[in-house]
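**Q** Just dropping this structure here.
In my numbering, the protein residues as written are 193 to 532.
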């Protein structure tokens, strides 16, 4: 990539309270340089591939996992195929430990396939790992990590609906972040046919084709980037687009997702899909009118939209609670039932 990208902000000397009060509340992405450098897993990662793989093997319990495997020609870019009817890689089930051993054994082969296992629940595939390697930024119920292991790769810019702290254990990773407002400049692929569940940009971060994607230049102007090594962490707020490059032949990352919402709350992508169904094809004047409705009732630009109603008469606009969420779901089922 020839375009200059601003460096991502770095912070030091924080604790869990400051992290929540100053960083999460502000929803600003930052690098937490050296945050997990005391992890035993990081110490093993710094020793090299054999030591890192041996450390993970201590906790391996034979749990199943799934690997993405692509030919050398994809150069680690797990992506759609040429006509976006499929993908340029295969999903292969296997035992987690066997997949890790296979990745570690690839070494410096010039004809190496691209391989990674992603988002494997640490508690299931490496029981005990989390007791030796604690994040220390989130309440214990939220420190439920996921592990990602692979060789060199480039993951397209995508977003998560949850906040995220990602910790580099072995190898180096480059993160490139884009604010949510840049969605129109990222040339996003199909929303309902994705590599791993999240919508993703069609632009190759390593070699962006600005003739095919000219608005991506504006996205780059708003982007920030950072290269992380073993022991470093990064906070990525929900809905921030992020592309991730694993730069070495053996890479390990552990991440933690959490969402400031009730467990039974709906997901934004569900609302977006229903909005596309019901509103996207309406005439422009109607879409503008519905935008005003969403600003009022959903985004609450003018405050509580039901403040003028008695509490017992606010219906689905009442105070959030499990009962209210069940009521809203029943209301949606009644509305959708005749259309399914």
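By construction, the Cβ of each residue, glycine as well, lies at the ideal position given by its N, Cα and C atoms. Note that the coordinates shown come from a computational prediction; the quantities given were computed from them, not determined experimentally.
Please look up how many angstroms separate the CB atoms of residue 349 and residue 434, rounded, as I've assumed it's under 8 Å.
**A** Indeed, because the Cβ distance is near 6 Å, the residues count as touching under 8 Å.
**Q** With DSSP as the reference, identify every bridge partner of residue 303, one or two as the case may be.
**A** For residue 303, which the question treats as bridged, DSSP gives no partner whatsoever.
**Q** Quick test of the definition: if touching needs 3 or more C-beta pairs under 8 Å, does the segment 283–300 touch the segment 323–333?
**A** Flag = no, the segment 283–300 and the segment 323–333 do not touch.
**Q** Which class does residue 312 belong to by DSSP, given the choice of helix, strand or coil?
**A** Residue 312 falls in the strand class under three-state DSSP.
**Q** Quick one: what does DSSP say residue 321 is sitting in, helix, strand or coil?
**A** Residue 321 falls in the helix class under three-state DSSP.
**Q** Helix, strand or coil for residue 202 per DSSP?
**A** In this structure, residue 202 counts as strand in the three-state DSSP scheme.
**Q** Out of 234, 317, 353, point me to the one whose CA is closest to residue 252's CA.
**A** Nearest option by C-alpha distance: 317.
**Q** Looking at residue 354: is its Cβ nearer than 8 Å to the Cβ of residue 449?
**A** Yes, the pair counts as a contact, with Cβ atoms nearer than the cut-off.
**Q** Ignoring anything shorter than 4 residues or poking outside the segment 418–504, list the alpha helix (DSSP H) runs there in chain order.
**A** Complete alpha helix (DSSP H) runs here, min 4: 460–470, 476–489.
**Q** So, is residue 236 buried or exposed, given that buried needs 16 or more other C-beta atoms within 10 angstroms?
**A** Burial call: buried.
**Q** Given residue 199, which residues of its chain have a CB within under 7 Å of its CB, disregarding the five upstream and five downstream residues?
**A** Result list for residue 199: 416, 417, 418, in chain order.
**Q** Less than 7 Å separating the Cβ of residue 441 from some heavy atom of the ligand FMN?
**A** Questions concerning the ligand FMN fall outside what the structure shown contains, since it holds no ligand whatsoever.
**Q** Tell me the rounded alpha-carbon separation between residue 523 and residue 277.
**A** If you take the alpha carbons of residue 523 and residue 277, they lie about 36 Å apart.
**Q** Could you check what DSSP says for residue 268 in three-state terms: helix, strand or coil?
**A** DSSP places residue 268 in coil when its eight states are reduced to three.
**Q** Relative to the C-alpha of residue 451, which candidate in 465, 473, 428, 486 has its C-alpha closest?
**A** Checked all of 465, 473, 428, 486; the closest Cα to residue 451 is 428.
**Q** Do you know offhand how far residue 254's Cα is from residue 442's?
**A** If you take the alpha carbons of residue 254 and residue 442, they lie about 21 Å apart.
**Q** Between which two residues does the alpha helix (DSSP H) harbouring residue 535 extend?
**A** Residue 535 lies beyond the stretch modelled for the chain, which goes from 193 to 532, so this question has no answer here.
**Q** Please name the residue in 243, 280, 472, 240 whose C-alpha comes closest to that of residue 262.
**A** Measuring from the Cα of residue 262, the nearest candidate turns out to be 280.
**Q** What is the rounded straight-line gap between the Cα of residue 518 and the Cα of residue 384?
**A** The alpha-carbon atoms of residue 518 and residue 384 are separated by roughly 26 Å.
**Q** Using the three-state DSSP reduction, which class does residue 262 fall into: helix, strand or coil?
**A** If DSSP states are grouped into helix, strand and coil, residue 262 belongs with the strands.
**Q** Within a Cβ cutoff of 7 Å, which residues of the same chain sit near residue 283, ignoring the five residues on either side of it in sequence?
**A** Only 258, 260 meet the Cβ criterion.
**Q** List the endpoints of the continuous alpha helix (DSSP H) containing residue 290.
**A** Element bounds for residue 290: 288–298.
**Q** Once you ignore the five residues that flank residue 224 on each side, which residues in its own chain have a CB closer than 6 Å to its CB?
**A** Hits under 6 Å: 425.
**Q** Let me check one thing: in DSSP terms, what residues is residue 340 bridge-paired to?
**A** Per DSSP, 445.
**Q** May I ask you to report which of helix, strand or coil DSSP gives residue 211?
**A** Note: residue 211 maps to helix in three-state DSSP.
**Q** Report yes or no: do three or more beta-carbon pairs, one from the segment 407–415 and one from the segment 367–378, lie closer than 8 Å?
**A** Yes: at least three Cβ pairs fall under 8 Å.
**Q** Starting from residue 367, trace the beta strand (DSSP E) both ways and give me its first and last residue.
**A** Per DSSP, residue 367 belongs to the beta strand (DSSP E) from 365–370.
**Q** Rounding to the nearest angstrom, what Cα-Cα distance links residue 455 and residue 341 in this structure?
**A** Cα to Cα, residue 455 sits roughly 28 Å from residue 341.
**Q** What first and last residue would you give for the beta strand (DSSP E) that runs through residue 355?
**A** Taken as a continuous stretch (DSSP letters only), the beta strand (DSSP E) holding residue 355 covers 355–362.
**Q** Between the C-alpha atoms of residue 226 and residue 489, what's the straight-line distance to the nearest angstrom?
**A** If you take the alpha carbons of residue 226 and residue 489, they lie about 43 Å apart.
**Q** Using 8 Å as the threshold, is the C-beta distance between residue 439 and residue 364 below it?
**A** Going by C-beta atoms, residue 439 is nearer than 8 Å to residue 364.
**Q** Please give the ranges of any beta strand (DSSP E) in the segment 371–416, keeping only runs that are unbroken, at least 3 residues long and fully inside the region.
**A** For the segment 371–416, not a single whole beta strand (DSSP E) run of length 3 or above is found.
**Q** Run the CB neighbour count on residue 463, radius 10 Å, all protein chains shown included, and call it buried at 16 or more, exposed below.
**A** The residue is exposed, with fewer than 16 neighbouring Cβ atoms inside 10 Å.
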